[in-house]
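Reading through the C-alpha coordinates given below for one structure.
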Amino acid sequence: MTDEDLANSYRGYIACLNAQDWRSLDRFVHQEVHYNGDRVGLSGYRDMLERDFREIPDLYFDIQLLIADTPFIASRLQFNCTPKETFLGLPVNGRKVSFSENVFYEFLDGRIRHVWSVIDKAAIEAQL
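In our numbering, the protein residues as written are -1 to 126.
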(Lines of atoms letter the chains of each structure in order from A and count residues from 1; the text may use other names and numbers.)
(Lines give C-alpha, C1' and ligand atoms only; values in the text may rest on other atoms or scores of the structure.)
Protein backbone atom coordinates (compact mmCIF):
# COMPACT_ATOMS: atom_id res chain seq x y z
CA MET A 1 0.00 0.00 0.00
CA THR A 2 1.12 3.53 -0.67
CA ASP A 3 0.76 6.20 2.01
CA GLU A 4 -2.22 7.58 0.08
CA ASP A 5 -3.86 4.13 -0.08
CA LEU A 6 -3.30 3.71 3.65
CA ALA A 7 -4.84 7.12 4.42
CA ASN A 8 -7.85 6.31 2.24
CA SER A 9 -8.29 2.96 3.97
CA TYR A 10 -8.19 4.72 7.34
CA ARG A 11 -10.84 7.20 6.21
CA GLY A 12 -12.97 4.21 5.18
CA TYR A 13 -12.45 2.70 8.63
CA ILE A 14 -13.59 5.92 10.32
CA ALA A 15 -16.65 6.05 8.04
CA CYS A 16 -17.39 2.43 9.01
CA LEU A 17 -17.26 3.38 12.70
CA ASN A 18 -19.46 6.44 12.27
CA ALA A 19 -22.02 4.35 10.36
CA GLN A 20 -21.76 1.61 13.02
CA ASP A 21 -21.37 -0.85 10.16
CA TRP A 22 -20.02 -3.67 12.33
CA ARG A 23 -20.40 -6.28 9.59
CA SER A 24 -17.81 -4.40 7.50
CA LEU A 25 -15.34 -3.89 10.34
CA ASP A 26 -13.27 -6.92 9.28
CA ARG A 27 -12.44 -5.11 6.02
CA PHE A 28 -10.41 -2.65 8.10
CA VAL A 29 -9.39 -4.46 11.29
CA HIS A 30 -7.16 -7.54 11.49
CA GLN A 31 -8.48 -10.67 13.26
CA GLU A 32 -5.53 -10.48 15.68
CA VAL A 33 -5.82 -6.77 16.52
CA HIS A 34 -4.08 -5.44 19.65
CA TYR A 35 -5.31 -2.40 21.58
CA ASN A 36 -2.84 -0.53 23.81
CA GLY A 37 -0.62 -3.61 23.95
CA ASP A 38 -3.35 -6.17 24.71
CA ARG A 39 -4.55 -8.71 22.16
CA VAL A 40 -8.30 -8.14 21.96
CA GLY A 41 -9.01 -9.76 18.60
CA LEU A 42 -11.58 -8.52 16.13
CA SER A 43 -14.57 -9.61 18.24
CA GLY A 44 -13.21 -7.90 21.36
CA TYR A 45 -12.45 -4.75 19.40
CA ARG A 46 -15.97 -4.75 17.92
CA ASP A 47 -17.45 -5.28 21.42
CA MET A 48 -15.46 -2.30 22.71
CA LEU A 49 -16.73 -0.07 19.90
CA GLU A 50 -20.33 -1.22 20.28
CA ARG A 51 -20.14 -0.49 24.02
CA ASP A 52 -18.76 2.98 23.28
CA PHE A 53 -21.74 3.73 21.04
CA ARG A 54 -24.22 2.40 23.63
CA GLU A 55 -22.66 4.61 26.32
CA ILE A 56 -22.29 7.61 23.97
CA PRO A 57 -25.21 7.56 21.51
CA ASP A 58 -24.04 10.69 19.65
CA LEU A 59 -20.44 9.46 19.29
CA TYR A 60 -18.83 10.69 16.07
CA PHE A 61 -15.19 10.27 15.06
CA ASP A 62 -13.91 13.49 13.45
CA ILE A 63 -10.43 13.30 11.91
CA GLN A 64 -8.53 16.51 12.71
CA LEU A 65 -5.06 15.36 11.71
CA LEU A 66 -3.96 12.37 9.67
CA ILE A 67 -0.41 11.33 8.83
CA ALA A 68 0.34 8.18 6.88
CA ASP A 69 3.78 6.60 6.76
CA THR A 70 3.21 3.03 5.64
CA PRO A 71 2.55 0.82 7.58
CA PHE A 72 1.64 3.43 10.23
CA ILE A 73 -1.12 5.99 10.66
CA ALA A 74 -1.04 8.79 13.21
CA SER A 75 -4.34 10.54 13.80
CA ARG A 76 -5.85 13.16 16.07
CA LEU A 77 -9.56 12.61 16.45
CA GLN A 78 -11.95 15.19 17.89
CA PHE A 79 -15.12 14.34 19.78
CA ASN A 80 -18.05 16.51 20.81
CA CYS A 81 -20.46 14.14 22.47
CA THR A 82 -22.79 13.39 25.35
CA PRO A 83 -21.87 10.26 27.36
CA LYS A 84 -24.93 8.96 29.21
CA GLU A 85 -23.30 8.22 32.54
CA THR A 86 -19.71 7.65 33.64
CA PHE A 87 -17.01 8.05 31.00
CA LEU A 88 -13.35 7.25 31.71
CA GLY A 89 -14.32 7.09 35.38
CA LEU A 90 -15.75 10.62 35.27
CA PRO A 91 -19.38 11.45 36.17
CA VAL A 92 -20.35 13.07 32.85
CA ASN A 93 -24.03 12.05 33.22
CA GLY A 94 -25.43 13.40 29.98
CA ARG A 95 -23.39 16.61 29.74
CA LYS A 96 -21.87 17.57 26.40
CA VAL A 97 -18.07 17.30 26.44
CA SER A 98 -15.34 17.95 23.90
CA PHE A 99 -12.02 16.12 23.86
CA SER A 100 -9.42 14.68 21.54
CA GLU A 101 -7.78 11.32 21.09
CA ASN A 102 -4.27 10.84 19.76
CA VAL A 103 -4.08 7.43 18.19
CA PHE A 104 -1.48 5.46 16.26
CA TYR A 105 -2.16 2.43 14.12
CA GLU A 106 0.03 -0.21 12.53
CA PHE A 107 -1.39 -1.99 9.50
CA LEU A 108 -0.66 -5.54 8.40
CA ASP A 109 -2.01 -6.94 5.13
CA GLY A 110 -4.04 -3.76 4.63
CA ARG A 111 -5.84 -3.96 7.98
CA ILE A 112 -5.31 -2.46 11.42
CA ARG A 113 -3.19 -4.81 13.54
CA HIS A 114 -2.09 -2.54 16.42
CA VAL A 115 -3.82 0.47 18.00
CA TRP A 116 -2.24 2.78 20.58
CA SER A 117 -4.66 5.35 21.95
CA VAL A 118 -4.45 8.24 24.42
CA ILE A 119 -7.63 10.19 25.24
CA ASP A 120 -7.35 13.71 26.66
CA LYS A 121 -9.09 12.98 29.96
CA ALA A 122 -7.84 16.28 31.45
CA ALA A 123 -9.91 18.19 28.87
CA ILE A 124 -13.05 16.38 30.05
CA GLU A 125 -12.19 16.96 33.72
CA ALA A 126 -11.80 20.70 33.05
CA GLN A 127 -15.29 20.83 31.55
CA LEU A 128 -16.90 19.10 34.52
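Where is the CB? At the ideal position from N, CA and C, for every residue including glycine.
From residue i to residue j, what does the alpha carbon distance come to, in whole angstroms?
i   : j    : result
P69 : Q76  : 23 Å
R49 : E2   : 31 Å
S22 : S96  : 28 Å
P89 : I117 : 16 Å
Which two residues bound the contiguous beta strand (DSSP E) that contains residue i?
i    : result
Y103 : 95 to 106
A66  : 60 to 67
R127 : Residue 127 lies beyond the stretch modelled for the chain, which goes from -1 to 126, so this question has no answer here.
R74  : 70 to 79
Select from the options the residue whose C-alpha is nearest the C-alpha of residue i.
i   : options         : result
L57 : A13, F102, A121 : A13
So the alpha helix (DSSP H) residue i belongs to, where does it begin and stop?
i   : result
F51 : 39 to 53
E30 : Not the alpha helix (DSSP H): E30 falls in the beta strand (DSSP E), residues 27 to 33.
N16 : 1 to 16
Would you mind giving the Cβ-Cβ distance between residue i and residue j, rounded to the nearest angstrom? I have them listed as a contact below 8 Å.
i   : j   : result
L47 : L15 : 6 Å
Whose C-beta lies closer than 8 Å to the C-beta of residue i among residues of the same chain, with five residues either side of it excluded?
i   : result
E53 : P81, K82, E83, F85
Can you determine whether any heavy atom of the ligand FMN sits closer than 7 Å to the C-beta of residue i, and answer yes or no?
i  : result
N6 : The ligand content of the structure shown is nil, which means the ligand FMN is not present either.
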